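If you're matching positions, the sequence shown starts at 2 in this note's numbering and goes up one per residue.
The beta carbon of each residue, even a glycine, is placed where N, CA and C say it ideally should be.
Keep in mind it's a predicted model, so treat the numbers as computed, not measured.
Have a look at the structure below, then the notes.
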Amino acid sequence: MLKMHFHGHSCWEFTDGTHRVLVDPFLTGNPLADVTAASFDGLDAIVITHGHGDHIGDAVEIAKRTGALVVSNFEIVNWFASRGCKGHPMNIGGGREFPFGHVKFTIAHHGSTGPEGEPLGNPMGVVLGIDGKKIYHAGDTALFYDMKLIGEMYGPLDAALLPIGDNFTMGIDDAVKAVELLAPKVAIPMHYNTFDVIRVDPKEWARKVESKGGRPAVVKPGGTYEIS
Ligand code: NI
Ligand code: MN
């Protein structure tokens with residue numbers, strides 16, 4: 002069974018009973034976070050979708066303390082290496098099998114400067130293959146039609162984790178269309194209500210997804226979604 006723990010914003014933790022993978026651990030300064038950087042041990046990997054501070058977050062501290070492998074684009078992995086973290090560089094379109102599962106990076110339409118404004122390559126989404134399940138974490142992105150290709154080629158997706166907060170990423174209606182294109186077994190919203198500028202009603206999104214025949218699940222920060 003795959004457990005997906007939502008730590009608020011775009012931070013997800015995946016556990017299958019053997020392995021533990023964290024994506025975009027923005028905890029310090031995240032008012033929705035239910036855990037702190039000190040909460041993690043026995044972590045296999047930290048996947049980073051892009052360089053923005055609300056995605057790199059506490060990853061340096063967590064990677065250093067746990068020894069977790071940082072998996073991201075070439076520029077971001079070098080940035081972590083210069084801070085004493087071990088990593089594995091990849092890039093958009095690349096896939097690789099790791100002991101904890103499979104990582105395939107996809108496009109995302111967004112930016113990827115670092116916390117100090119340094120250029121950190123291109124933003125990405127990721128399809129994670131863990132415990133025989135396929136999970137798409139879209140990172141921060143606008144809607145793009147190639148989501149259809151992601152669903153067709155790397156699916157069927159057991160879950161799609163999609164930003165719905167608008168302003169910086171897809172808003173509600175674009176994220177409803179994304180569910181249509183991806184056709185996942187379940188779609189779960191993220192990247193909303195952390196800050197005033199991305200305040201939206203996830204129930205409105207869920208209603209609209211259902212009206213199009215999709216299956217939404219709103220997971221509260223601190224909550225867990227299980228896929229058996
Ligand atoms: Ni961003
Ligand atoms: Mn963001």
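Would the C-beta of residue i count as close to the ligand MN, meaning under 7 Å from any of its heavy atoms?
i: Asp55; result: yes
i: Ser83; result: no
i: His192; result: yes
i: Ser11; result: yes
Based on Cα-Cα distance, which residue from the options lies nearest to residue i?
i: Trp206; options: Gly166, Leu182 and Phe145; result: Gly166
i: Leu144; options: Ala176, Lys134, Pro185 and Leu158; result: Ala176
i: Gly140; options: Met91, Pro185 and Ser113; result: Ser113
i: Ile30; options: His51, Ser212 and Phe196; result: Position check: residue 30 holds Gly in this sequence, whereas Ile was assumed. Comparing Cα-Cα distances from Gly30 to each of His51, Ser212 and Phe196, the minimum goes to Phe196.
i: Ile49; options: Ser73, Ala69, Thr107 and Gly152; result: Ser73
i: Pro164; options: His111, Pro190 and His110; result: Pro190
i: Ile136; options: Glu227, Gly9 and Thr37; result: Glu227
i: Val198; options: Met171, Val104 and Met154; result: Met171
Quick check: is any heavy atom of the ligand NI less than 7 Å from the C-beta of residue i?
i: Val169; result: First, the residue type needs correcting, since residue 169 is Phe and not Val in the sequence shown. Yes, the ligand NI has a heavy atom inside 7 Å of this Cβ.
i: His51; result: yes
i: His111; result: yes
i: Asp231; result: In the structure as shown, the chain begins at 2 and stops at 229. Residue 231 is therefore absent and cannot be evaluated.
On the DSSP bridge list, what partners appear for residue i?
i: Ser229; result: Answer by DSSP bridge pairing: none, since Ser229 is not bridged.
i: Asn74; result: Met91
i: Tyr137; result: Val128 and Ala161
i: Lys4; result: Thr16 and Glu227
Verify the CB distance criterion: does residue i have a CB-CB separation below 8 Å to chain D?
i: Tyr146; result: Note that chain D does not occur in the displayed structure, where there is just one protein chain.
_Validate contact between the segment 203–221 and the segment 15–28 using beta carbons, cut 8 Å, 3 pairs_ = no
*asked:* Three Cβ pairs or more, each shorter than 8 Å: is that satisfied between the segment 95–104 and the segment 116–125?
replied: no
*Would you check if the segment 120–137 and the segment 58–66 touch, i.e. whether three or more CB-CB distances between them fall below 8 Å?*
no
*Would you call the segment 79–89 and the segment 25–45 touching, i.e. three or more CB-CB distances under 8 Å?*
no
*Decide yes or no for the touch test of the segment 146–161 against the segment 185–199: beta carbon pairs closer than 8 Å, at least 3 of them.*
yes
*Is the segment 2–16 touching the segment 32–41 in the sense that three or more CB pairs, one from each, lie closer than 8 Å?*
yes
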